[in-house]
Amino acid sequence: MRERISRLVFGLLAGAACALVSVTGASAQDQPRRGGTLTVITPSDVSTFDPHPAVGFSVRVFANIYEPLFRKDEKGVLHGHLAQSWRFVDPTKLQITLRKGVKFHSGNELTAEDVKFTYERQLNPADLARDAAVIKMVKTPIQVVDRYTLLIETREPNAALVDTLAQSLATLIPDSAEIKKWGKDYGLHPSGTGPFKFVEWVRGQHVKLARNADYWNGPPYLDFLVFKVVPEEATRVLALESGEADVLFETPPSAIASLRKNAKIKVNKVPTYRDVDVHWNAKKAPTDDVRLRRALSQAIDVKSIVEEVITADIGQVATGLFNPSVFGACDVGFPVYNLARAKQGLAEVGYRPGKDGILEKDGRPLALTLVVNPQRDPRNGEVAEAIQAQLRAVGVDMKVNANEFATYMKILQSPEGDYNMIFHGYGVATADADLKATFFLSTNLPPAGQNSPRFASPELDGVILAAQRESSKDKRRELYCKMGQIYRDQALGLPLYASFRNTSALAHVHGLVLHPDEWYTQTYTRVWLGPKP
Amino acid sequence: MTGTKETGGRRVRRALRQPRAAAGALVLAALLVGAVGAGWLAPHDPARADLRLRLKPPSREYPLGTDWIGRCLLSRLLYGIRLTLTVGVVTVAAGVAAGVTLGLVAGFYGGALEGAIMRATDLLLAFPYFLLTVVFVAVLGPSLLNAMIAIAAWTAPHYVRLVRSVVLSVRGREFVEAARALGRPELGILTRHILPACVPTLVVQAAIFCAQNMLMAASLSFLGLGAQPPSPELGAMLGAGRQYLRVAPQVVAVPAVGIFLGVLAFNFLGDALRDHLDPGAGRAA
Amino acid sequence: MRAPGLTGGLAGYVVKRLLGMLLLLAGVTFVVFGMMYLAPGDVTVMLAASSPSPEQVAAIRREFGLDQPPWVQYGMFLGRVAQGDLGDSWIDRRPVMPQVLEAFGYTLRLAAVALAVSVALGTAAGIVSAVRHRSATDESILTVTLLGISVPVFVTGLLLIYTFAFKLGWFPTSGAGTWRHLVLPASTLASFLTAYNVRMMRACMLEVLGQDYVRTARAKGVRERWVLGRHALRNALVPMATVLGLQVGLLLGGSVITETVFAYPGVGQLVVSAISARDTPLVQACVLVTASGFILVNLLVDVSYVLIDPRIRLQ
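Residue numbers (the working numbering), protein chains in the order written: chain A, 78 to 610; chain B, 41 to 325; chain C, -4 to 310.
Here it is, written out as structure tokens:
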């Protein structure tokens, strides 16, 4: 039954994709045309074509070369992809049957052995797969039932298992025979089942993929797909405007208004699974005092920061711990900006105005540190500056510590945790709250994990784990609401905004179905090019 | 190449009367007024933000407009010039102090000490200079102070070489030999007889390095490796503001003009001085 | 050059300098290693971003020898380098040398074009400046070139892209591959170098024009153009070699921002991303290759100096 529904949904989608959900302005009479090269601008280069150790934005290229067992469409509906059907034989055992006759680019056929190889490679600590932690609930070895059937076993019942296998980088299935053949050099000889095949990689400049004419799910219209590397944001916009590229995946907010006025370009706003929060550090003085965290939270005007700095183009004020497009999202009603109550709260904790208007308690000024990594998104730096200025207005000396990614992660995960507040932006790639919720487990307190508020309680652990095991959707949703309330009551941080993505494309690009997941899911299979104006 | 008939000081003063030097001095004077008087001249607190006033064009209240979180650009420019000039002068002073001391010691005493100093100098100069500062700041953590240390560390070896070459050229001269023969203490010989011979070349190099160091600090801040928010460092303002180039050009133009004027002033000064004091320079750089 | 003793002296000098260069490069690797060792955060963060297990982190650290004391790590590194192996990148597990040499090739090409443009411009303007010494033309040439050197390169770069790539559409905004890709980034760098070259050329010409043989030629009534071309220019060009050597060095390491703005895949961009990723072998290789290039160019300049003018003593 489930298989039929999934097939139905999938067939409907695949067949009607360009007519129903294309967002780049294909009118009904336009017929898809074969041929052409689509150039997509990306801010950084691929690090390798082996999907598992790959880092950074390189993964955005992979969705076109490799495919997972399951996929969620842009509306969040789950369907089988390389998996034809699946069922839980018991709460900890998932049996998966693969689609037959799917060929890798090398010509090898996809079998259960490839899936077994992939997952076992991921979960082998010596093999250094970047996203492996996402699937660490899977037990190894994986059992192969027959050529097309395998059994995946988990340690505990896991309600989000199929969602997880749908959208993690760790679940892209490469050609195991080719990996064994090339060894260390596989990264330059990728072989997947996806709609495009690897052609060339000119380091620091571009990646070129070509149409896979034997693609199992209907070959793409495009002849070639090129990803062009342009690190400087201002240059990226100009490259699109001058027609050197066709698609700009993430349009900087400052360029959106002028691109909208450009008749040759369409800007498409899509929701994402991402939200950006700031977390207090509940372990480090003085923010280890929940009363202080509560008072300070009310001194930050999230609404005006989001409306003015982030703007409605790229974000909406967060109302809960999870992005509204993610399952488990719940409006928990965070305390709003209230200067009078913030000041009153600060006075109750014992802070009095001191030198230069900075608050003091027992002769010590209220000096805090905010850690941010503005590389991923320069807007984070601006928001940090706005928070700094607002807290200064109530007498807090907030130092902004802007770091590159490696340093940011080091601070986040260090045992001492040298921050009072830290940015945390996260795209929930599975579209299921579980992925983000587990950050808050006591077992993920640094240095073991990334529990950035450094707060843990048996109650919070209980709620998160119960939601993970629970199979009823309604009960899970309730549990995630409960989690949001604990987060709110403990003032562990401030969710700032749920972000939108603005993908710009030249007007002759048709059939571009944009996916909320910013990392692994954007494919260009159904894209076709009309005549250039 | 350096004459000794006229004292260094008098030659510097004469060189300053050239038109380009005068123009440089004039711009510098104007910038100094802005920098020193920032506290009185700035209409607003450079760190005070008002999100409702984001990216506003120039107005009566905000003569140069506002930035991305609604801060007064004029006030930030004035404080920014103060910072930029400070960075230029302090890094040059630190570089000169270290470089001159080591160069004098190396040139005057020679021997193993000279060998060690010169090898360390070669080592630092063998590094591609911008990479050195980038790695250095990435390691120490991004801050304006660390950027300044990195810049000073890069400039010092240039002074070491320069001063040493001057010392070597005057070491054997009669007046030094005479001072030695009279039994003057070595430190006295160094400071009274050898150092003044270095002054003209040093002044020229200091002015030019001041300009270069200001640009380098701005570049590091532009890359996010220098000044941290809410510091109105001009390079940082430019780096964070560049995405608004087309929506609110003032956000980019104001710091760009600030850096330009500061760098230009020192370049004019240095160039005119070099022209006058040291026409063959450049070959020795 | 006919005297065999002198040639032998030159060969000995070159060998001595090359040996010195090896020591210098060893020092460079030590400094880079020390800095990368002290840098906060390591490559495990990049390789295992979302909550890695402690076993995974330990496995990565073991693979790269990060669990060893620093002196052991550095010793192992030197041992490998002595065998001519700079190692594999920690991020993509590929040998670092081909990557770095490729990027270095791009940087060299950019540097060569920028240098050619600025030398051509600088020489021409420098001669005019010297011939019309202390005239309005001289002053304006000196002033205008100073403007170029006072604008931060990222401002110059963005303005050039906006005007010539976007508004006029003459050149691509970014990337590399054809000569058209080189025009804008090379112009950005050249705008910076021209000021130096004008001054150098001007100073050299002034010195030569004051020499006796030039005065004699003029006195004999030789045509001015002949004086300039035949006597002055040829002699003035010699010291330019040194300046070029210095500028190559400046360009090799100093084009990071230009490369970033123009998405130019040179060694500057490569090393900055390698530092961010804490990819120590790649950083080492980038710095080593660039430093070697810099030292070699300076050696070449010194040698060519001796060859051109044998009066100059070997150090």
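Yeah, the Cβ is synthetic: ideal placement off N, Cα and C, and Gly gets one too.
*Quick one: list the residues of chain C neighbouring residue 179 of chain B, beta-carbon separation under 7 Å, in chain order.*
30, 33, 34
*Do the region 269 to 289 of chain B and the region 159 to 172 of chain C make contact, defined as three or more Cβ pairs closer than 8 Å?*
no
*Report the residue ranges of all alpha helix (DSSP H) runs contained in full by the region 341 to 388 of chain A; include only those spanning at least 4 residues, in chain order.*
367 to 374
*With distances taken Cα to Cα, identify the nearest neighbour of residue 504 of chain A among A/603, A/453, A/531.*
Nearest C-alpha to residue 504 of chain A among A/603, A/453, A/531: A/453.
*Short Cβ contact (8 Å threshold) for residue 131 of chain C with residue 201 of chain C*: no
*Spell out whether any CB of chain B is found under 8 Å from the CB atom of residue 440 of chain A.*
no
_Within-8 Å CB hit, residue 306 of chain B to chain A_ = no
*In terms of alpha-carbon separation, which member of A/551, A/541, A/575 lies closest to residue 502 of chain A?*
A/575
*Compare the C-beta of residue 386 of chain A against all C-beta atoms of chain B and say whether one is closer than 8 Å.*
yes
*residue 134 of chain C touches chain B at which residues, Cβ-Cβ below 9 Å?*
59, 60
*Mind checking if residue 287 of chain B is an interface residue toward chain A, Cβ cutoff 8 Å exclusive?*
yes
*Any chance you could list the alpha helix (DSSP H) runs of at least 4 consecutive residues sitting entirely within the region 474 to 548 of chain A, in chain order?*
482 to 490, 511 to 514, 535 to 546
*Return the residues of the region 453 to 466 of chain A that lie within a Cβ-Cβ distance of less than 8 Å from chain B, sorted by chain order.*
455, 458, 459, 461, 462, 463, 465, 466
_Between which residues of its own chain and residue 186 of chain C is the CB-CB distance below 7 Å, once the five residues before and five after are set aside?_
143, 151
*residue 328 of chain A vs residue 233 of chain A beta-carbon contact at 8 Å*: no
*asked:* Taking CB distances under 8 Å as the criterion, tell me whether residue 153 of chain C reaches chain A.
replied: yes
*Give the residues of chain B in contact with residue 374 of chain A, contact being defined as C-beta atoms less than 8 Å apart.*
Taking a Cβ-Cβ cut-off of 8 Å, residue 374 of chain A has no neighbours in chain B, whose nearest Cβ is about 18 Å from it.
*Proximity test, Cβ basis, 8 Å: residue 234 of chain B and chain C*: no
*Use the C-beta contact count for residue 485 of chain A: other C-beta atoms within 10 angstroms, 16 or more gives buried, fewer gives exposed.*
buried
_Euclidean distance between Cα positions of residue 384 of chain A and residue 92 of chain B_ = 10 Å
*Using DSSP bridges, identify the partner residues of residue 173 of chain A.*
A/163, A/227
*Minimum Cβ-Cβ distance from residue 429 of chain A to chain C less than 8 Å*: Residue 429 of chain A does not count as touching chain C.
_Could you check whether the Cβ of residue 423 of chain A sits closer than 8 Å to any Cβ belonging to chain C?_
no
*Can you tell me whether DSSP reads residue 306 of chain B as helix, strand or coil?*
helix
*Straight-line CA distance for residue 118 of chain A to residue 586 of chain A?*
14 Å
*Evaluate residue 177 of chain A with the Cβ neighbour count: other Cβ atoms within 10 Å of its Cβ, from every protein chain shown; 16 or more gives buried, anything less gives exposed.*
exposed
*CB-CB under 6 Å to residue 465 of chain A, same chain, minus the five flanking residues each way: which ones, in chain order?*
If you ignore the 5 residues before and after residue 465 of chain A, its C-beta comes within less than 6 Å of the C-beta of 475, 477, all in its own chain and listed in chain order.
_Under DSSP, the alpha helix (DSSP H) around residue 74 of chain B begins and ends at which residues?_
59 to 76
*asked:* Using the Cβ count rule (16 or more neighbours within 10 Å means buried), how would you classify residue 94 of chain C?
replied: A residue is called buried once 16 or more other Cβ atoms fall within 10 Å of its Cβ, and residue 94 of chain C is buried on that count.
*Below 7 Å between beta carbons is the criterion; list the residues of the region 83 to 106 of chain C that meet it against any residue of chain B, in chain order.*
none
*Give the straight-line distance between the Cα atoms of residue 255 of chain A and residue 528 of chain A, rounded to the nearest whole angstrom.*
Approximately 38 Å between the Cα atoms of the pair.
*Alpha carbon of residue 67 of chain B to alpha carbon of residue 190 of chain C, nearest angstrom*: 20 Å
*Cβ neighbour criterion (16 or more within 10 Å) applied to residue 128 of chain C*: With fewer than 16 Cβ atoms within 10 Å of its Cβ, residue 128 of chain C is classed as exposed.
_Burial state of residue 106 of chain A (16 or more Cβ within 10 Å)_ = Residue placement at residue 106 of chain A cannot be trusted, given a pLDDT of 48 that sits under 50; what the coordinates show is reported in the next sentence. With fewer than 16 other Cβ atoms within 10 Å, it is exposed.
*Examine the Cβ distances between the region 59 to 73 of chain B and the region 293 to 313 of chain B and report whether three or more of them are shorter than 8 Å.*
yes
*Secondary structure of residue 335 of chain A, DSSP reduced to three states*: helix
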